[in-house]
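Please read the structure below before turning to the comments.
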Amino acid sequence: MYFAALLARTEDGWEASDTELDDVETLTDLADLAREAAVDDDTVVALVEQEDAWFGVIRLDGDDDPRVFISNAAVAARSSYGAMLTDELLGRDKDVEDELASLDLDGTEDGEPETQQGEDEADTPVPAGPLGDARLLEDLGIGEKELLTLDGDALGAIAEALGCTDILEAVR
């Protein structure tokens, strides 16, 4: 079971909304969904959690690329949304991997080693533990050390540090 919420920073503070991830297949999809919640290109923080097994934080500032942190990449990689985030952080391209797996040709010429494009990406191991930008919330009051040590109700601790516990709880 997943829980996902979007926290959008406005002039008046934070606004929260729960969100459905049913149509989210890529980080770009998630970023687009988060940007829809933004007011005037303000900061949006997407929080994703799977039953206290792992949590993810995705931060968007205007049109900048999303910054991502995952609490436990190895555990997250075994779930659909976690795999989407870990693949993005590790530079894996799922479409390329699927396309290569369906090819019957090795694509090499005589004398060339038999390696397929994307093979190195697919072999990149998913690390046990945190993955991504652990400093993505520093300017909002959650330092790297604190983010790395969160467990249990991590999203509640993040909301408390941001000053929006009541807002997050209202959408849970």
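First residue of the sequence shown: -9, per this note's numbering; consecutive thereafter. We put the beta carbon where it would ideally sit given N, CA and C, even for glycine.
C-beta contact flag for L166 and G46 at 9 Å: For the chain, the structure presents residues -9 to 162; residue 166 sits outside this window and is missing.
Residues near V161 in its chain [Cβ-Cβ closer than 8 Å; skip 5 each side]: Mapped onto the sequence shown, residue 161 falls at position 171. Excluding sequence positions up to five before and after V161, its CB lies within less than 8 Å of the CB of A(-5), A6, S7, D8, all in the same chain and listed in chain order.
V38 versus A151 - alpha carbon distance: Numbered from 1 along the sequence shown, position 48 holds the residue referred to as residue 38. Numbered from 1 along the sequence shown, position 161 holds the residue referred to as residue 151. When rounded, the distance between both Cα atoms is 17 Å.
Proximity to D55 [Cα-Cα], best of Y71, T18, A43: Residue numbering aside, residue 55 sits at position 65 when the sequence shown is read from its first letter. That would be T18, whose Cα lies nearest to the Cα of D55.
Contact the stretch 112 to 123 vs the stretch 56 to 75: 3+ CB pairs below 8 Å: The answer is yes - the stretch 56 to 75 touches the stretch 112 to 123, with three or more Cβ pairs under 8 Å.
Beta carbon of D42 nearer than 9 Å to that of G133: Here residue 42 is taken as the residue at index 52 of the sequence shown, counted from 1. Here residue 133 is taken as the residue at index 143 of the sequence shown, counted from 1. No, they are not a contact pair.
Buried versus exposed, by CB contacts within 10 Å (16 or more), E15: Locating residue 15 in the sequence shown gives position 25, counting from the first residue. Counting the other Cβ atoms within 10 Å of the Cβ of E15 gives fewer than 16, which makes it exposed.
Residues bridged to L37 [DSSP beta-bridge criterion]: By 1-based counting over the sequence shown, the position of residue 37 is 47. A(-5), V47, per the DSSP bridge assignment.
R49 beta carbon less than 9 Å from that of L126: On the sequence shown, residue 126 is found 136 positions in, with the first residue counted as 1. On the sequence shown, residue 49 is found 59 positions in, with the first residue counted as 1. Contact: yes.
Opening and closing residue of the beta strand (DSSP E) in which R25 lies: As a first step, residue 25 is located in the sequence shown; it is residue number 35 there, counting from the start. It is not in any beta strand (DSSP E) - R25 instead sits in the alpha helix (DSSP H) that spans 17 to 27.
Test item: CB-CB of I148 and V35 under 9 Å: Position 158 of the sequence shown, counted from the start, is the residue given in the question as residue 148. Position 45 of the sequence shown, counted from the start, is the residue given in the question as residue 35. Less than 9 Å separates the beta-carbon of I148 from that of V35.
Cβ neighbour criterion (16 or more within 10 Å) applied to D12: Here residue 12 is taken as the residue at index 22 of the sequence shown, counted from 1. It counts as exposed.
Rounded C-alpha distance that separates L140 from E26: Mapped onto the sequence shown, residue 140 falls at position 150. Mapped onto the sequence shown, residue 26 falls at position 36. CA-to-CA, the gap between L140 and E26 works out to about 28 Å.
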